[in-house]
Each structure stands twice: as C-alpha cells, then as structure tokens.
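Student: Chains as they are written, first to last, in the numbering used here: chain A, 185 to 291; chain B, 1341 to 1460.
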Amino acid sequence: DIQLTQSPSFLSASVGDRVTITCRASQGISNSLAWYQQKSGKAPKLLIFAASTLQSGVPSRFSGSGSGTEFTLTISSLQPEDFATYFCQELNNYPLTFGGGTKVEIK
Amino acid sequence: EVQLVESGGGLVQPGGSLRLSCAVSGFSCSNYWMHWVRQAPGKGLVWVARIQADGSRTDYADSVKGRFTISKDNAKNTLYLQMSSLRADDTAVYYCAREAAVPGTVFDYWGQGTQVTVSS
Chain A
185 DIQLTQSPSF LSASVGDRVT ITCRASQGIS NSLAWYQQKS GKAPKLLIFA ASTLQSGVPS
245 RFSGSGSGTE FTLTISSLQP EDFATYFCQE LNNYPLTFGG GTKVEIK
Chain B
1341 EVQLVESGGG LVQPGGSLRL SCAVSGFSCS NYWMHWVRQA PGKGLVWVAR IQADGSRTDY
1401 ADSVKGRFTI SKDNAKNTLY LQMSSLRADD TAVYYCAREA AVPGTVFDYW GQGTQVTVSS
C-alpha cells in the first residue's frame, strides 16, 4: 500500500498568511494526487485533483503542485473560511489511501 | 443539484449487523463508480469499498473484506453497505461518495455521513 505523509499535522496561521502543506508519497505516483478540505462535522470537499487541477468553484487562492513523491497545497492568502483540516489522497492504487491530515487553525 | 444522503447508522453490539443506505439525486448512480469511505472519531479518512457503475465489480479494503458487502439498486438510485460481524474498530462516520468522471479515483461529491457505533 502507498503511504501518504502530510506535514505539518497542525499549523497556526493568521488571515492573509500564505500557507503551504506538504504530502509525501512512499513511492512515485506521478501526478495522481487530490486534496480535500474538511470542516468540523462536515463531509470533505474536493479542492484539487491530478496534483494541480483546481476543481470547479474552488477559489483561485488554492493551488497544488508536485509530482512523483512530493506534493504541496498552497493557500496564497488565508481567509476565515479556510480554517479546516486538509487531506491528500492517492488516486490510482488500491486500497486508496489518504494522508493523516493537516489542521489549520487561527493564530 | 447533486445530493447524496446516507441513513441507517446507529448503535450496534459487537458481532452485530447494520445496513447503510445512500440515496442519490441529481445524477444516475448507474453511470458512476460509487464508494464508501469512513472516518473514526478524531482520525483520518479510510477507503472502505467501491462498486462499478453497472454493479458488476466490487472491491474492498482488507479490514472489511468478508464482512461488508457493497451493492446498489440503480432503479432506486441508492447505494448500500451491508455490514456484519461488526467490531469496535468499525466505529466511524461512514460517507458515500461519487467517483468523478476524471482520470483516477477522485471523489467530487460526498454525503453528509452517518455515524456507526459498535459497543456493548
């Protein structure tokens, strides 16, 4: 099974900050990675797939990059509604795996 | 508008059974692979099972293989997860999710989740 390791697991940031979250895969997965946002008590929401393709309706302050084993999710200017937990997910190998999550909290 | 609504969760004793349902609207589940994903309290997301659009193929996580069965009724536009021999570590919120029509398994729509608690 492919392991996905997210870092950091927790970060504290202020509105307007640039935030970067990293997801490392235990083996190369090309660009087969998605990012989701989950708010407390809610279902996950798809943000990005194929490492860098923004899902329709997602604000352009979210961006993704990377290939192979290292990927990043960047929020260019953190907004109040962005405080949530973010998960990465590998797309092609079963069983599908998710990263452990990064919780973004208000500083 | 695409909607997925889960139901059927609850409290069950170890060794018991439960059937979850996921009623979909706004699209036909006969055209999409459908999945179940679970999340234990305070933990991350774990993929559980999937079923092909026409229902001809199913796959399971090792942790539930032989105990859980995914199925769907395309006429009712409803996905199911039959769970048996339940254990405490099956306690989680269970989400149904639609696989997007893009390369790879990407979940573009999710239900709100249904809580399953396995405890005596």
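Each residue gets a CB set at the ideal place from its N, CA and C atoms; glycine is no exception.
No experiment lies behind these values; they were computed from the predicted model shown.
For ALA209(A), does the three-state DSSP call read helix, strand or coil?
Tutor: Strand.
Student: Contact defined as beta carbons within less than 8 Å: I believe SER1503(B) pairs with GLU1346(B). What is the distance between those atoms, to the nearest angstrom?
Tutor: Residue 1503(B) cannot be examined here, being either before or after the span of chain B that is shown, 1341 to 1460.
Student: Quick one: which chain B residues come within Cβ less than 8 Å of ALA268(A)?
Tutor: By Cβ distance, chain B contributes nothing, its closest Cβ being about 14 Å from ALA268(A), past 8 Å.
Student: List the residues of chain B that LEU280(A) touches, going by C-beta distances under 7 Å, in chain order.
Tutor: Result: TRP1387, THR1445.
Student: List the residues of chain B that GLY285(A) touches, going by C-beta distances under 7 Å, in chain order.
Tutor: Per Cβ cutoff of 7 Å: GLY1384.
Student: Please report how far the alpha carbon of SER191(A) lies from the alpha carbon of GLY283(A), in whole angstroms.
Tutor: Their backbone Cα atoms lie some 9 Å apart in a straight line.
Student: Could you work out which residues of chain B lie near LEU230(A), taking near to mean beta carbons separated by less than 7 Å?
Tutor: Result: VAL1446, PHE1447, ASP1448.
Student: Does any C-beta atom of chain A lie closer than 8 Å to the C-beta of GLY1366(B)?
Tutor: No, no contact with chain A.
Student: Quick check: what's the CA-CA separation for SER244(A) versus PRO1381(B)?
Tutor: Taking the straight line from one Cα to the other gives about 31 Å.
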